[in-house]
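Numbering (mature numbering (1 follows the signal peptide of the UniProt record, and there is no 0)), first residue to last: -19 to -1, 1 to 130.
Following: one structure in structure tokens, then a few remarks.
Here it is, written out as structure tokens:
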């Protein structure tokens, strides 16, 4: 019976050491009396801090690369039918010209004024011989910028 209790008690003493390995602090390391264990704890703590710093740097780099790739994809998707440009069509309409239209596709364009506020949006279905669409609205004179996707 005593041997069983001692084995159980000994097992309980080792569990917190493994549990604390994930949340090691310098104070915990310095509290260890055995020199080898203390040195091992300090090395573990330093490597944990280094891994945290490396993962933070890697996360920032990956986030920046993802933003750059997303922007490049957005630009390349717009280049598939050419970057749109505005031409005045009439007092109440704006002609949106795409060069060139490679294949049939549906494109949604949003018109903005000089302050960057939304004015009008329209969806176009472009087929290869066509190279433009017309946005008819009474606010056509306010449209100065257009984004299509």
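Just so you know, even glycine gets a beta-carbon here, dropped at the ideal spot from N, CA and C.
Exposed or buried, what is residue 114 when buried is set at 16 or more other beta-carbons lying within 10 Å of its beta-carbon? buried
Using a Cβ distance threshold of 8 angstroms, determine whether the region 94 to 114 contacts the region 40 to 54, with at least three qualifying pairs required. The region 94 to 114 vs the region 40 to 54: no contact.
Run through the DSSP bridge pairs and tell me what residue 67 is partnered with. 77
Grouping DSSP H, G and I as helix and E and B as strand, with all else coil, what is residue 85? Coil, per DSSP.
So what does DSSP say about residue 72, is it helix, strand or coil? Correct three-state label for residue 72: coil.
Residue 125 and residue 101 closer than 8 angstroms at C-beta: Against a cut-off of 8 angstroms, the Cβ pair of residue 101 and residue 125 comes out as no contact.
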